[in-house]
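A.B. asks: Residue numbers (the numbering used here): 2 to 160.
C-beta: ideal position from N, C-alpha, C; glycine also.
Because the structure is a prediction, the values reported are computed rather than measured.
Provided herewith is a single structure, encoded as structure tokens, for subsequent inquiry.
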């Protein structure tokens, strides 16, 4: 009888450990709608504009609860990179469902290389939501009128 109790107890402990390991997966989802904007007035070329909550990042943390968020643009244009404005955008945190370092509420210029736009620690096992604003930086009058297409790439890396 005591052997049966030990086997049953061992089975229960193994089940609990397996269930806990499965619950530790880390994942994220980025939501945005199609962002369309134009430069049709002189003010559009000289004054920054903000699209509030342009991106919503949802994170399911593992028990580590530590990750970095990076952002960059990719140019989807038939024009060469040399003639395409790449200093056009900045992003910043609009709000989050937890306390994030205040430096990420400041606009970070993004370009063709990854830029750190969030560092999070101490969120083990929690679900996070971060809303990012997209800022359209003034570009001046040096670029040819054309249609430019960009993709915004967010990368989240757990550490």
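1. Please list the terminal residues of the continuous beta strand (DSSP E) segment that includes residue 95.
2. So, is residue 164 buried or exposed, given that buried needs 16 or more other C-beta atoms within 10 angstroms?
3. Work out the CA separation of residue 122 and residue 152 for me, nearest whole Å.
4. Taking DSSP as the reference, what is the three-state secondary structure of residue 61?
5. Say whether the segment 95 to 107 touches the segment 139 to 148, bearing in mind that this needs 3 or more beta-carbon pairs closer than 8 Å, one atom from each stretch.
6. Residue 61 and residue 28 look like a contact to me (Cβ under 8 Å); what is the Cβ gap, rounded to whole Å?
7. Please go through the segment 37 to 61 and give each complete alpha helix (DSSP H) segment of 4 or more residues, from N-terminal end onward.
8. Are the CB atoms of residue 224 and residue 135 nearer to each other than 9 Å?
9. With burial defined as no fewer than 16 other Cβ atoms inside 10 Å of the residue's Cβ, what is the status of residue 39: buried or exposed?
10. Go through the segment 91 to 138 residue by residue and report every complete run of the beta strand (DSSP E) that reaches 3 residues or more, in order.
11. Is the CB-CB distance between residue 70 and residue 120 below 9 Å?
12. So what does residue 159 bridge to, in DSSP terms?
13. Is residue 68 closer than 9 Å to residue 139 when the C-beta atoms are compared?
14. How is the beta strand (DSSP E) around residue 142 delimited, first residue to last?
15. Taking DSSP's pairing of strands, which residues face residue 29 in a bridge?
C.D. replies: Reading it off the structure:
1. 90 to 97
2. In this structure the chain extends from 2 to 160, so residue 164 is not present and cannot be described.
3. 28 Å
4. strand
5. Look at the beta carbons and you see the segment 95 to 107 not touching the segment 139 to 148: under three pairs across the two are nearer than 8 Å.
6. 5 Å
7. Considered as a whole, the segment 37 to 61 harbours 43 to 47 as its complete alpha helix (DSSP H) runs of no fewer than 4 residues, in chain order.
8. Here the chain covers residues 2 to 160 and nothing more, so residue 224 does not appear.
9. Exposed, because fewer than 16 other Cβ atoms sit within 10 Å of the Cβ of residue 39.
10. 109 to 111, 116 to 121 and 128 to 137, all fully within the segment 91 to 138.
11. Yes; because the gap between Cβ atoms is below 9 Å, this pair is in contact.
12. 68
13. no
14. Unbroken run through residue 142: none, as it is neither H nor E.
15. 60
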